[in-house]
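Take a look at the structure set out below.
Protein chains in written order, with this note's numbering: chain Y, 595 to 930; chain E, 263 to 567.
Shown next as structure tokens:
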């Protein structure tokens, strides 16, 4: 029978415990860079988890999810620019704006399917991108700096890196919990039914459009909140955070980690940002024995390795990291 | 009025150029059912090859021909090595795999040509203006682009509708198993079609190169436009791609040229000049959203033809 002590569960638990204890490690070693990197990982993991709700569970191939990151971020930054610094106003505003945008985009896009859906979500994200570049008052193409991080009436000081990290982590875990509850509810069952066979679901009598739209709005809203976080993290927003390649990055995270699995996107975000961060060093080390002079230069071209690696994962490791853990765990237990 | 005619010609030129990109995309889309985001990389490669070969040979034309051959070869190799394995898979896999290829090509170009970008000068015999209508001067180079793309469009029409290869391509689009069962080497056919699409993208890139700078990532914006066109026109329809490309070319060019003035008239100077740049860039995406909402399969979808 299925035991709770599978490799996959152990690794997931280790990941969560590791994330919770990370500031302790930082306090001991004084390595602030790790904390900044992991704050970014946690925020992008939250965005990826939200995308996974529609992409992984409901099979809606949205190619414009980064727009919500941008919308949430811009709402926060613009309010800050106009003198509203309170997070109690900024964050609900970010949530409301992304929810409204998701409602409008979803209502129009979900009339199409397949490649057309991919492209229409992309088109809406591009609109948001150009909208942001056109806002001359808020920096246009150059982006907009935040004067200060969101304030919470003295309750939380987000300028403290550890506090901010825990706020992000708490929101990530909250998002995962929400997605877990949602996908195991009747609502989530219907969504997964839609993914496998939409015409059958509507033949049984489910109003699939409404279910899909609700999921789309929930995903967009959660991602908008992640956007408010990322604006606070970098103290800066720019249109480039909505460019279509950013949406591509989010999809990569979801697929790399494992589509339609609870913790997959977290693994995916971790893996992608780790690759971005450490692949140059790895290449550097790999090239050094053969060509010491060119090693540092070779490390700069890490995307030359990442690109084919993505293709390789698509071709041969569809389950992503989560699937790999499951497979390894399965093999292990059969030997016992 | 002169300005208006000139902008119309620019719109025509841009639209036809987009058609070259979209035609390759829609062929690959319609026949192999493959979403190829890396199509923009082939456009970029065409431009880089042309700039390099033109500098080597000292002749624009010779450089262009060599660049076309080179992109054709890259396209066919790419098909055999990578794309072939993606056929018949989920569209998500296509998006992801070809997204990886974009990273690969961008970085590869940076490795070979450096991060700086190149320039390809307009050949001297085209670097002047000609009088195309009484009293209206127009850049000879842009006019040459119009002529070349129209010739290519005619060539494509004849190739697809009037030749044996075209017959096989159309047959492959409607039922690939059946074509294979009838003894056609479908693998070779796919490689050829992909190579043709790559060469068309390369041609678009090398012709656009003297107008813009040749740089990394130049394909990333324009490939999205090409996708917009394929989707507006209806996937797999070359005729749809032509109509949609012209529509997008005109709306984008004329929108950027005249829309700001219209907005200023409508909304007043302050509001109009603020909203104009964003809105004129958004016009084609708005067009696409409207068309897809009204006709979710595009204007000339293969089913309703």
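The beta-carbon is built from N, C-alpha and C at its ideal position, and this holds for glycine as well.
Because the structure is a prediction, the values reported are computed rather than measured.
Worksheet item: Taking 8 Å as the CB-CB cut-off, is residue 693 of chain Y touching chain E?
Response: no
Fill in: Rounded C-alpha distance that separates residue 368 of chain E from residue 479 of chain E
7 Å
Worksheet item: Can at least three beta-carbon pairs, one atom from the stretch 883-893 of chain Y and one from the stretch 810-821 of chain Y, be found at a separation below 8 Å?
Response: no
Worksheet item: Distance, Cα to Cα, residue 429 of chain E vs residue 423 of chain E?
Response: 7 Å
Worksheet item: Going by beta carbon distance, what residues of the same chain come within less than 7 Å of residue 388 of chain E, once the five residues before and after it are set aside?
Response: 402, 403, 406
Item to complete: Show which residues of chain Y have a CB atom less than 8 Å away from the CB atom of residue 547 of chain E.
Response: 717, 718, 720, 721, 724
Worksheet item: Just curious, the beta strand (DSSP E) that residue 400 of chain E is in, first and last residue?
Response: 398-401
Worksheet item: From what residue to what residue does the beta strand (DSSP E) around residue 392 of chain E run?
Response: 391-395
Discussion item. For the stretch 783-792 of chain Y against the stretch 872-884 of chain Y, do three or more pairs of beta-carbon atoms, one drawn from each stretch, fall closer than 8 Å, so that the two count as touching?
Written reply: no
Practice prompt. Could you have a look at residue 446 of chain E and say whether DSSP puts it in helix, strand or coil?
Written response: coil
Fill in: Cβ shell of residue 503 of chain E (< 7 Å), same chain only, five flanking positions each side left out
281, 284, 285, 288, 491, 492, 495
Worksheet item: Among E/520, E/414, E/544, E/536, which one has its Cα closest to the Cα of residue 265 of chain E?
Response: E/520
Item to complete: Kindly indicate the opening and closing residues of the alpha helix (DSSP H) around residue 790 of chain Y.
Response: 780-790
Worksheet item: Which residues of chain Y have a Cβ atom closer than 9 Å to the Cβ of residue 482 of chain E, listed in chain order?
Response: 837, 838, 839
Item to complete: Give the single residue among Y/897, Y/882, Y/885, Y/854 whose Cα lies nearest to the Cα of residue 871 of chain Y.
Response: Y/897
Worksheet item: Under a Cβ-count criterion, where at least 16 other Cβ atoms within 10 Å of its own Cβ denotes burial, should residue 439 of chain E be classed as buried or exposed?
Response: exposed
Discussion item. Check whether chain Y comes within 8 Å of residue 558 of chain E, counting only Cβ atoms and requiring the distance to be less than that.
Written reply: yes
Worksheet item: Got a sec: is the Cβ-Cβ distance from residue 845 of chain Y to anything in chain E below 8 Å?
Response: yes
Discussion item. Check for me: the alpha helix (DSSP H) holding residue 617 of chain Y runs from which residue to which?
Written reply: 601-623
Discussion item. Any beta carbon of chain E sitting closer than 8 Å to that of residue 881 of chain Y?
Written reply: no
Fill in: Segment contact flag, the stretch 299-312 of chain E with the stretch 521-538 of chain E, C-beta cutoff 8 Å, min 3 pairs
no
Fill in: Which listed residue (Y/778, Y/669, Y/728, Y/705) has its alpha carbon closest to that of residue 651 of chain Y
Y/778
Worksheet entry | Proximal residues of chain Y, C-beta to C-beta of residue 347 of chain E below 8 Å | 909
Fill in: beta strand (DSSP E) segments (min. 3 residues) lying fully within the stretch 415-494 of chain E
none
Practice prompt. Pick helix, strand or coil for residue 297 of chain E, following the three-state DSSP scheme.
Written response: coil
Worksheet item: Does DSSP put residue 646 of chain Y in a helix, a strand or coil?
Response: helix
Item to complete: Could you name the residues of the same chain whose beta carbon sits closer than 6 Å to that of residue 573 of chain E, not counting the 5 residues immediately before and after it, in chain order?
Response: Outside the shown range of chain E (263 to 567) lies residue 573 of chain E, about which nothing can therefore be said.
Discussion item. Quick check on DSSP: helix, strand or coil for residue 926 of chain Y?
Written reply: Annotation note: pLDDT 49 at residue 926 of chain Y (below 50); position unreliable, coordinate value reported separately. The answer is helix: DSSP assigns residue 926 of chain Y an H, G or I state.
Worksheet item: If you drop the 5 nearest sequence neighbours on each side, which residues of the same chain put their C-beta closer than 6 Å to that of residue 459 of chain E?
Response: 286, 289, 290
Item to complete: Please classify residue 374 of chain E: does DSSP put it in a helix, a strand, or coil?
Response: helix
Discussion item. Within the continuous alpha helix (DSSP H) that includes residue 676 of chain Y, where are the two ends?
Written reply: Here residue 676 of chain Y belongs to no alpha helix (DSSP H), and DSSP marks it neither H nor E.
Worksheet item: Ordered along the chain, which non-local residues of its own chain (more than five positions away) have a Cβ less than 7 Å from that of residue 417 of chain E?
Response: none
Worksheet entry | Endpoints, the alpha helix (DSSP H) within which residue 873 of chain Y is located | 858-881
Worksheet item: Start and end of the alpha helix (DSSP H) containing residue 521 of chain E?
Response: 500-529
Worksheet item: Which residues in chain Y sit within 8 Å of residue 373 of chain E, going by Cβ to Cβ distance?
Response: 895, 898
Worksheet entry | Chain-ordered residues of the stretch 681-707 of chain Y with a beta carbon less than 7 Å from chain E | 702, 705, 706
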